[in-house]
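A short write-up of the structure that comes next.
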Amino acid sequence: MIKSINVKTRSRTEFVNITPEVQAIVTESGINSGVCHIYVPHTTAGVTINEGADPSVVTDIVSSLNRLIPHKANYLHMEGNSDAHIKTSLVGSSESVIIDKGRLLLGTWQAIFFCEFDGARNRQVNVKVMGE
Ligand code: ZN
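Heads up: the sequence shown begins at 387 in the numbering used here, then just goes up one per residue.
So, in structure tokens, the structure goes:
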């Protein structure tokens, strides 16, 4: 069984905390012990796990990615969004989180972030929960 989360982004580059939605899918699955796979089926958006407590961390990650990989440069890709493709490859398209006692086994400060790099758009995150 695969579940999807719909994410509506509002900016070109934006991190959206999807931890509550992912946990809701784990809870609904009834699985107590296992693994939760989070997969983003887009080429200009990804997923990462990092600090969810202080929003400045996400702001710093986004501003650093934008500084390292500028929107406009001598890219070959005609669509004009090469920076978004490169950022997506850097953060990756999937994460796996252990499930213990029906809960995502994240660290105290960790959260799961959908990473938009070519918004604003309607996006999808696929979640597969496996275990018993
Ligand atoms: Zn493109």
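Even for Gly, the Cβ is constructed at its ideal location relative to N, Cα and C.
Check                                                                                                      : Outcome
Where the alpha helix (DSSP H) containing Ile447 begins and where it ends                                  : 441–454
DSSP three-state assignment for Leu462, whether helix, strand or coil                                      : coil
Segment contact flag, the stretch 419–431 with the stretch 477–485, C-beta cutoff 8 angstroms, min 3 pairs : yes
heavy atom of the ligand ZN below 7 angstroms from Glu414 C-beta                                           : no
8 angstroms contact criterion, which Glu407 and Ile391 should meet: CB distance rounded                    : 5 angstroms
Residues near Glu400 by beta carbon distance below 7 angstroms, same chain, minus five either side         : Glu502, Gly505
DSSP-derived helix/strand/coil call for Lys514                                                             : strand
Proximity test, Thr430 beta-carbon vs the ligand ZN heavy atom, cut-off 7 angstroms                        : yes
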